[in-house]
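Peer 1:
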Amino acid sequence: MNHHQPDLDTSPEVSDEIRKTTCYMCACRCGINVHMKDGKVKYIEGNRDHPINKGVLCAKGSAGIMQHYSPARLRAPMKRVGERGEGKFEEISWDEAFDIAAKRLGPIREKAPHKLAFFTGRDQSQSLTSFWAQQFGTPNYAAHGGFCSVNMAAAGIYTMGGAFWEFGVPDWDRTKMFMIFGVAEDHDSNPIKMGLSKLKERGAKIVGVNPIRTGYNAIADEWVGITPGTDGLFVLAMIHVLLKAGKVDLDYLMRYTNAPMLVNMDETSNEFGLLLRDLQGQFMVQDRVTGKPAAFDKKGVKPVFSGEITYQGTKYTPVFQLMTEKYLSDDYAPEAVADRCGISAETIHRLAAELAHVAFEQEITIDQPWTDWKGEKHETMTGRPVSFHAMRGISAHSNGFQTCRAIHLLQIILGSVEVPGGYRFKPPYPKPVEGHPTPHSSTTPGGPLNGPHLGFTRGPEDLALNASGTPVRIDKAFTWENPMSSHGMMHMVISNAHAGDPYKIDTLFMYMANMSWNSSMNSRGVMDMLTDKDENGDYVIPNIIYSDAYSSEMVAFADLILPDTTYLERHDCISLLDRPISEADAICDSIRWPVVEPDRDVRGFQSALIQLGSKLGLPGFVNENGSAKYADYADYIVNHERRPGVGPLAGFRNKDGSGKGRGEPNPEQLNKYIENGGFWKDHIPDEALFYKPWNKAYQDWAVERGIFDKPSPYLFSIYVEPMQKFRLAAMGKGELQPPDHLRAQLIEAMDPLPVWWAPYEEQGIDCEEYPLHALTQRPAAMYHSWGSQNAWLRQIHGTNPLYVSGEVWTKHRFNEGDWAYVTSHHGKIKVPVVRMDALNPNTVWTWNAIGKRKGAWALDENAPEATKGFLLNHLIHELLPPKGDGLRWSNSDPITGQAAWYDLRVKIEKAPAEDGVSQPETPAQASPVGQGPKDIAYGGEF
Amino acid sequence: MHPAASVIIFTSLSGLGFGLLFFLGLDRPVVSGWVAFTFFLIAYALAVGGLLASTFHLGNPQRAMKAFSQWRTSWLSREGVVSVATLLVMGLYAALLIFADIRIAPLGWLGSALCIATVYCTSMIYGQLKTVPRWNMSTTPALFILYSLAGGALLSAQLPFALFAIVILTAIQILSWARGDMSFSQAGHTIETATGLGALGKVRLLEAPHSGENYLTREMVHVIGRKHGQKLRVIATLCLGIIPVAMLLFFPVNHFSVVLIIILHVIGLFVSRWLFFAEAEHVVGLYYDKR
Amino acid sequence: MTALPQTTAKKLGLVIDLDICVGCHACVINCKEWNTSNYGAPLSDQDAYGANPSGTFLNRIHTYEVKQPQKPAQTVHFPKSCLHCEDAPCVTVCPTGASYKRSEDGIVLVNESDCIGCGLCAWACPYGARELDAAEGVMKKCTLCVDRIYNENIPEIDREPACVRTCPANARHFGDFADPESDVSQMSAARGGMELMPEQGTKPVNRYLPPRPKADIHTDGDINILAPFLEPVADTPKGLLGWLDKALEAL
């Protein structure tokens, strides 16, 4: 019979207009095309021209419509009318909100600015928020890096002036072997997927090192199901094998690292363990020809890598020899670490061999002449095409800093950083420690802080300690307990403020950080601290101001709410002063702009902060006559100058838009960005594309673009000298001395060469009682707690089971649909279990931040997120189990203070299913925005 | 498959109705006037009621007329066309019989043939589906027709025929359960063929696409416990076959016992029809690792 | 009409590369986002913020674990949408003619204004590719973005299905399987593109590229052919440093 089919319009009009802005469904910052129809958002797709995502868009980004129209959006400023934690509020005007805030904050600033603790969460405007806090004068400012991944940032900067995170990127187009450690959907999500795809296309080998085989590890050509917390040991064993076989890039080590530098070996010296310098402060090496020490960069000097030299009566040994002696120890032999890591010695050998084979037998050469900073010309660029990436799984352990350093050391001895096929930095990186500020914490009532809060300590003199040795900061960052806590320690703020240790504060001011729920260790404890009252019936933490766009769990605990906008309603800048969106080949930054105007009485937090700043008369936010300097964030983005000619946005500076990186403010700058698709991009010259830390063309270009004010070449630090300075103090040298109970920890932890120790939690508990490691991973389709208010995303992950290995499943005789009690040294939860075989046998895990408090996020109180969903956070404590010495030991990395939430150890037992509700159950909070509609059918109107 | 009330009522009642019409078309029992009216009324109530019930599961019943258009390819469309034709033919036959007392026997025979054709079409809506191996068997049309004939015979008090039909029906029903239990594995569908991943090893579902239910899981991934199913099969066999046969053979036949037999048989019919849906395993369940 | 066309000029479909799909659900949501405001009725969500949220999706990702005895298990992410079968059983069962397969390109579509929502086509589909929208009562399915691929209002480079355009891992490819020279045909031929449930006889157009063999599963991972390459140059630090001296001299 005949085939008939209807006429179809295959060319319907898609939209009235496309507005190009930047996504904020996670921290990836992809460019998006927002299709507008009848003034509403119809469709969001990736921007093909954008440097980050080149047109693709993930599930979260595509679900942006549902986030933008979320029923959980706050509607107006609110003040608390019930008890803290209840969620009862009264809507007020912005004028009243600012009055309330200013009346509280003004007097604090005049008398004791440290009584304000201002901490921001997943904030992408830290250059503004830190500037504001500095002008306010409180030392208590940080973002959330301390519980996020400071270990990665700090280890990277101290070692090589750049880091994993999004500070750099594997050379996806050239690398031939790629190892990825401990990465789920962390930084940098879409670029990693795009990169892996490129590797697959070229047949490059991908090795996934992760206890859990999901996501990227699922598609890796080889999965190494390592035991959590042992990556450092695994990497050092590979280094052992490579050193033993002489498979190291000596030329690279000689030219670009401190491997040949001479270390003072005289234990009696006050400079024991420090590097030998000449009178000009230049590092010295032993010259092969003369046998004498000479400045390392003196023309014709060829350094010795081994042996011992006596100079002016002191013995010195090159870093390389110390390194070799350390890692050739049998302690690092694959056979010695295999059981501990859960990886066979043969596999460790083989992977090391594969790395060496690719690095040294498959090197690549690019015909691109370049000149190094000493003026030496090179005809080609040689690459060792092995590359690495690592994130959370490395970071969130109490040995994370040194483990990350170990991975960098492996990269460096293979000569694979900043070379073709290796790991490449994105401007403004590379940027050595010397290019970063030191921490500042000196307060003056009524005046600004003496400098930026966060930075990189070079030695004990940079710690934030009072003369009496007590911490200056409420989070105790930059103290002997964690001397290199470069991102602050947001996770300690509430517990320290509650304990009044080191002092009591008045106001806790937070932005976009769900501290009462999934962004804290010990969620229940934090809720109790936030609601605890003193003997007078006053809250122990007297005043809490919070800004969020949505009705999160944290909203319920605030006294004053400043409602933020959605990401489509706001101005933002993804700034080179913060964490920009650059590529390895180009410098880039971008903006958000209101593609839709808010239909509620809300303001972008940054605008509100600027307005509050002017009301308080903060320097930098008011003119000489006291009038507001900036109307809002857009005004600030365009007109603020951090240094003359350098502002939040680098593109289209000067009145005519010609300025790149430097130039006077351009009133048309935002429009130029909008015309350009929401971003700005400027290519690095070809001769400057690799060897950036040592490449003259790059250094000159970076100065032109305002990244540095003068060329700043540097060497990679295999040996991190600042660490030794803290060790020297712990050995009793110098005026600044740590408390006695921390000396041993400092000497062990602040080893200037990468080292491994067992995660602290397992050192303090009975591992036979708590035999399992418990982890969380971020699902690709959800971002922290935000996804659950999203009608589309919550259908994908509305509940989270605990995945247990086949071994654990069989041992405990679990069946489909079973529940289990999971117990740590700190707490006990009841959760549904699911079997997973592609899992390290001693590991259990779940998706993070799916569990919700009843009443939050405009969800039904019986939402599966609130009944079946759960958090592992209840099992984790910010402190280690008591050691019997009467001291508080924090559950964190002893170098950076990074929260060690992956150190968690648990035991598991079968539980009755009963009503099928996970425990603990937290009573509901009232919803200030009601509950979302029953059914939706978005898009019918178009 | 989800045992929706609408389809169970539809197939059961319309089967009974067309079964009764089948006998009326053959002039069994021989009736006329008000008695004929009553019989036809019951038959039409069952057949039309069943057909109407089927529209309850439609998303857009107002467009139901469109379903008559695709009789060339679609069994569902054919069922619609043939059932309407049957009702029209039998309507004419009945009207003449009741109101004019004229019996046109060939018209009745045609109507009876159409009744069987209708039930066959109904059965093929399910029997055609390769996706549900338990339905995709020759016993499916046989069962539907036998249920229709047995029920029709009871309703029309054709007891000797009813006895014969019920015995055959019971045997085929048991056979169909037995064969049905093996049908899925015999069809060769596994999670490995569904995913194509068999070459890599044994496949199991780790994570469903969405953490909650969806249309597919509600409609096609319904699973009932084996023990539960066995109990219901025994109940169905007793009600639809064994007890009625025993009563017909060993008990005195009177109005009361016939009504009791009909009630029991219809209960058996509903239970077995519920099982027909509930035990049917759709191959899409493989993707959810529920087979 | 529900008869299938004898032949179709093109056989448009997707190649889905299971070797690279990381299971991120980007395709799932971008598909939902495009299709909820384009072809036909919106893809509704019931109890959207409630206890049992459930909505219409045209593409969903399952995650499987595959295991051989004594070997580590492997995780495979598995996106699934309409396969646009050549012998589409969903089309022929349709009583109203709402379901049809386009003769020009082989896309299987539902003409929603003719759909009575009987659900029989969903039953006839082995793959779970069709979902009845609970709000509109009409059958929804992948349209292969028929309103994108020929759409003269969008740039030519974007004239591909939304799921393909958005996929961050480039695991999805769109093209004409009737043309043996097309990328999708070539890719499928080179990598052993699979039909799902071939025993159903539906002749699916979409092809799945199987995961490539994994080093930790499919090879004897611990036999190290590169072992000689890592022969120690010395067994002690001292010996090593002697070697080093020579090596440095050579630089």
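Chains as they are written, first to last, in the working numbering: chain A, 1 to 942; chain B, 1001 to 1291; chain C, 2001 to 2251. Every residue gets a Cβ at the ideal spot worked out from N, C-alpha and C, and that includes glycine. Since we're looking at a predicted model, the values are computed, not measured.
May I ask you to list the residues that DSSP assigns as paired with A/Met836?
Peer 2: A/Ser805
Peer 1: When you compare the CB of C/Arg2102 with every CB in chain A, is at least one pair closer than 8 Å?
Peer 2: With a threshold of 8 Å between beta carbons, C/Arg2102 makes contact with chain A.
Peer 1: Just mark C/Ser2113 as buried or exposed, buried being the case when its beta carbon has 16 or more other beta carbons within 10 Å.
Peer 2: exposed
Peer 1: Classify A/Glu90: buried if its beta carbon has 16 or more other beta carbons within 10 angstroms, exposed otherwise.
Peer 2: exposed
Peer 1: I'd like to confirm the pairing. Which residues does DSSP put opposite A/Leu116 in its beta bridges?
Peer 2: A/Thr507
Peer 1: If you run the structure through DSSP and keep just helix, strand and coil, what is C/Asp2245?
Peer 2: helix
Peer 1: Using DSSP's beta-bridge definition, name the partner residues of C/Met2139.
Peer 2: C/Leu2132
Peer 1: Does the beta carbon of B/Gly1285 sit closer than 8 Å to a beta carbon anywhere in chain A?
Peer 2: Not flagged as an interface residue toward chain A: B/Gly1285, since no C-beta distance is shorter than 8 Å.
Peer 1: Flag this pair as touching only if the region 190-203 of chain A and the region 280-296 of chain A have three or more C-beta atom pairs under 8 Å; answer yes or no.
Peer 2: no
Peer 1: Inspect the beta-carbon positions of B/Gly1292 and B/Met1124 and report whether they are closer than 8 Å.
Peer 2: A question about residue 1292 of chain B goes unanswered here, because the residues of chain B that appear run from 1001 up to 1291.
Peer 1: Hey, C/Asp2133 and A/Pro12: beta-carbon distance below 8 Å or not?
Peer 2: no
Peer 1: For a cutoff of 8 Å on Cβ pairs, would you count A/Ser11 as touching chain C?
Peer 2: yes
Peer 1: Using the rule of at least 16 other Cβ atoms within 10 Å of the residue's Cβ for burial, across every protein chain shown, is A/Met492 buried or exposed?
Peer 2: Looking at its Cβ environment, which holds 16 or more other Cβ atoms inside 10 Å, A/Met492 is buried.
Peer 1: Would A/Lys852 pass as an interface residue toward chain C - the criterion being a Cβ-Cβ separation below 8 Å?
Peer 2: Taking 8 Å as the threshold, the shortest C-beta distance from A/Lys852 to chain C does not fall below it.
Peer 1: Please tell me whether B/Gly1015 and B/Val1167 are closer than 8 Å, where the distance is taken between their beta carbons.
Peer 2: no
Peer 1: My assumption, with CB atoms under 8 Å, is that A/Pro563 sits in contact with A/Arg75. Please give the rounded CB distance.
Peer 2: 7 Å
Peer 1: Mind listing the chain C neighbours of A/Gly939? Cutoff is C-beta to C-beta under 7 Å, in chain order.
Peer 2: Thr2036, Ser2037, Pro2042
Peer 1: Is the beta carbon of A/Met490 sitting closer than 8 Å to the one on A/Ala154?
Peer 2: no
Peer 1: Quick one: which chain C residues come within Cβ less than 7 Å of A/Tyr43?
Peer 2: Glu2033, Trp2034, Ser2037
Peer 1: Just reading off the alpha helix (DSSP H) that B/Thr1055 is part of, what are its end residues?
Peer 2: 1033-1055
Peer 1: Within a Cβ cutoff of 7 Å, which residues of the same chain sit near A/Lys883, ignoring the five residues on either side of it in sequence?
Peer 2: Gly764, Trp889
Peer 1: Measure the alpha-carbon distance for A/Met1 versus C/Gly2175 and round it to whole angstroms.
Peer 2: At A/Met1, the pLDDT of 42 sits below 50, so the modelled position is not reliable; the number obtained from the coordinates is stated separately. Going from the Cα of A/Met1 to the Cα of C/Gly2175 covers about 29 Å.
Peer 1: Buried or exposed for A/Glu222, going by 16 or more other Cβ atoms inside 10 Å?
Peer 2: buried
Peer 1: Any residues in the region 1187-1214 of chain B with a beta carbon nearer than 9 Å to a beta carbon of chain A? Which ones, in chain order?
Peer 2: Arg1204, Leu1206, Glu1207, Pro1209, His1210, Ser1211, Gly1212, Asn1214
Peer 1: Answer yes if the region 262-281 of chain A comes into contact with the region 306-326 of chain A, meaning at least three C-beta pairs across the two stretches below 8 Å, and no otherwise.
Peer 2: yes
Peer 1: Could you compute how far the alpha carbon of A/Leu242 sits from the alpha carbon of A/Thr159?
Peer 2: 20 Å
Peer 1: Can you pull the DSSP bridge partners for A/Gly383?
Peer 2: In the DSSP output, where bridge partners are listed per residue, A/Gly383 has A/Ile364.
Peer 1: Give the range of the alpha helix (DSSP H) segment to which A/Pro334 is assigned.
Peer 2: 334-341
Peer 1: Note down the Cα distance separating A/Gln957 from A/Cys573, rounded to an integer number of angstroms.
Peer 2: Not covered by the structure: residue 957 of chain A. The range shown for chain A is 1 to 942.
Peer 1: Hey, is the region 511-524 of chain A in contact with the region 466-480 of chain A, meaning 3+ C-beta pairs nearer than 8 Å?
Peer 2: no
Peer 1: Could you tell me whether the region 805-812 of chain A touches the region 850-860 of chain A, using the rule of 3 or more Cβ pairs below 8 Å?
Peer 2: no
Peer 1: For A/Pro920, write down the residues that DSSP places opposite it in a beta bridge.
Peer 2: BP columns for A/Pro920 are empty, so no partner.
Peer 1: Counting C-beta neighbours from all protein chains within 10 Å, is the total for A/Val596 16 or more, i.e. buried, or is it exposed?
Peer 2: buried
Peer 1: Applying the criterion that 16 or more other CB atoms from any shown protein chain within 10 Å of the CB defines a buried residue, is B/Met1182 buried or exposed?
Peer 2: Around the beta carbon of B/Met1182, a 10 Å sphere encloses fewer than 16 other beta carbons of the protein chains shown; the residue is thus reported as exposed.
Peer 1: Since A/Ala636 is in the beta strand (DSSP E), which residue starts that stretch and which ends it?
Peer 2: Looking at the sequence itself, residue 636 of chain A is Tyr, so the reference to Ala does not match. Unbroken run through A/Tyr636 is the alpha helix (DSSP H), 633-639; no beta strand (DSSP E).
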